[in-house]
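If you count by the UniProt record's numbering, then the sequence shown holds residues 1 to 259, one letter each, in order.
Here the structure comes first, spelled out in structure tokens, and everything after it is commentary.
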Amino acid sequence: MKKNTRSILLLLAIGIAVGIFSGLFGVGGGTVMVPGLLLYGLTQRQASATSLAAMPLASLGGIISYAFGGHVNWAMGALVIIGTITGAWVGSKLLQKLSEKFLRWAFVVFLVGIVISQFFESPSRISHVTVTWLTGTGMVLLGIISGFLSALLGVSGGGVLVPCMSVVFGASDLVSRGTSLLAVMPGAISGTISNLKANLVDLKAAGIIGVVAMLITPAGARLAAFLTPTINLWVFNFFLLLVLVKSVLSALKVSHTGR
1 MKKNTRSILL
11 LLAIGIAVGI
21 FSGLFGVGGG
31 TVMVPGLLLY
41 GLTQRQASAT
51 SLAAMPLASL
61 GGIISYAFGG
71 HVNWAMGALV
81 IIGTITGAWV
91 GSKLLQKLSE
101 KFLRWAFVVF
111 LVGIVISQFF
121 ESPSRISHVT
131 VTWLTGTGMV
141 LLGIISGFLS
151 ALLGVSGGGV
161 LVPCMSVVFG
171 ASDLVSRGTS
181 LLAVMPGAIS
191 GTISNLKANL
201 VDLKAAGIIG
211 VVAMLITPAG
221 ARLAAFLTPT
231 INLWVFNFFL
241 LLVLVKSVLS
251 ALKVSHTGR
């Protein structure tokens, strides 16, 4: 009984953390969920799939909050969504075939790439998004990359979307966050359908985390609007570095066991 209570409390804590970071940074919360679900007792493959399953609910509260503030670019979001659905389907197929060790190190490489990308972001509250044939094609390609990473690693892909929407397409820090949350939802649903067929999803864990995160995400979105763009960027970087250190240690442990 005590173990079950601790497990529920852990899932609630993960949900609260996911809600705050999802709303604050415009990500689905996979960087919080995957390490947390590993601590909960799932394998990397199960953690990735369960994290992906919780993202639609986790993102919903943030989408509503950002939309009411006028911080969602619906055209850009729609184009990215076209790509995420395709990318998520491919990623979910690979998830069933790759080794535990590979998935852990792939997650580390993903985090390193996101940390590096932050140095190229110049945070701003002014949005200059123009949708043309060229930029529209780029948005679809961005969605494919995001959806692929989302399904394969159990992260929303928002860590890729947010900086790219700002650096490449000229979105403000808040618009990139709100649009990112919109864009990751269909890809997460698409990837989860495949993962459910493969029996990789812990539905109880996904449900608890998703519902709690959905209720908390609006608070994170309000905090993002309160903080300056520069502070938002540095807080995000600090958080990513902490997760990176934890993920490297976990990957090294798995490598030593030879899995």
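The C-beta atom is built at its ideal place from N, Cα and C for all residues, glycine as well.
Please read all numbers here as calculations on a predicted model, not as lab measurements.
In terms of alpha-carbon separation, which member of Ser99, Asp202, Ala183, Leu111 lies closest to Leu42?
Asp202
Distance, Cα to Cα, Leu141 vs Thr130?
16 Å
Checking 7 Å against the spacing of the C-beta atoms, do Leu57 and Met214 come in under that value?
yes
Nearest-angstrom Cα distance between Val248 and Asn237?
Taking the straight line joining both Cα atoms gives about 16 Å.
For Met1, which residues in the same chain have their Cβ closer than 6 Å to its Cβ, ignoring the five residues on either side in sequence?
Low local confidence applies: a pLDDT of 47 at Met1 is under 50, so the model's placement there is unreliable, and no value is given.
Determine whether the beta carbon atoms of Pro186 and Ile81 lie at a separation below 7 Å.
With contacts defined as CB atoms closer than 7 Å, Pro186 and Ile81 qualify as a contacting pair.
What do you reckon, are the CB atoms on Thr179 and Gly77 nearer than 7 Å?
yes
Could you say which of Gly36, Phe21, Thr135 lies nearest to Ile8 if we only look at CA atoms?
Closest option to Ile8, Cα to Cα, is Gly36.
Tell me which residues share the same chain as Ile126 and place their Cβ nearer than 8 Å to its Cβ, disregarding the 5 neighbours each side in the sequence.
Ser172
Could you give the first and the last residue of the continuous alpha helix (DSSP H) run that contains Ile193?
173-197
Residues in the same chain with beta-carbon distance under 6 Å from Ser194, minus the five sequence neighbours each way, listed in chain order, please.
Ser92
With respect to the alpha helix (DSSP H) encompassing Asn200, which residues constitute its N-terminal and C-terminal limits?
Reading off the sequence shown, one finds Leu at residue 200, where the question assumed Asn. First-last for Leu200: undefined, no H or E at that position.
Are the CB atoms of Ala183 and Leu161 nearer to each other than 7 Å?
yes
Rank Ala13, Met55, Gly61, Ser48 by C-alpha distance to the C-alpha of Gly23 and give the top, closest one.
Gly61
Check whether chain B comes within 7 Å of Leu241, counting only Cβ atoms and requiring the distance to be less than that.
Of the chains in the structure shown, none is chain B; there is only one protein chain.
Please work out which residues of its chain come closer than 8 Å, Cβ to Cβ, to Ile114, disregarding the five sequence neighbours upstream and downstream, and give them in chain order.
Gly159, Val160, Pro163, Leu240
Can you list the alpha helix (DSSP H) stretches of 4 or more residues lying completely in the segment 95-126, in chain order?
100-117
State buried or exposed for Leu39, treating a residue as buried only when at least 16 other CB atoms are found within 10 Å of its CB.
Exposed, since its Cβ has fewer than 16 Cβ neighbours within 10 Å.
Compare the C-alpha of Gly220 against each of Thr5, Gln44, Leu98, Ile64 and name the closest.
Here the closest residue by C-alpha is Ile64.
Check Ile70 in the structure and name its three-state DSSP category.
First, the residue type needs correcting, since residue 70 is Gly and not Ile in the sequence shown. Coil, per DSSP.
Might you give, ordered along the chain, the residues of its own chain that have their beta carbon closer than 6 Å to the beta carbon of Trp89, omitting 5 neighbours on each side?
Ser190
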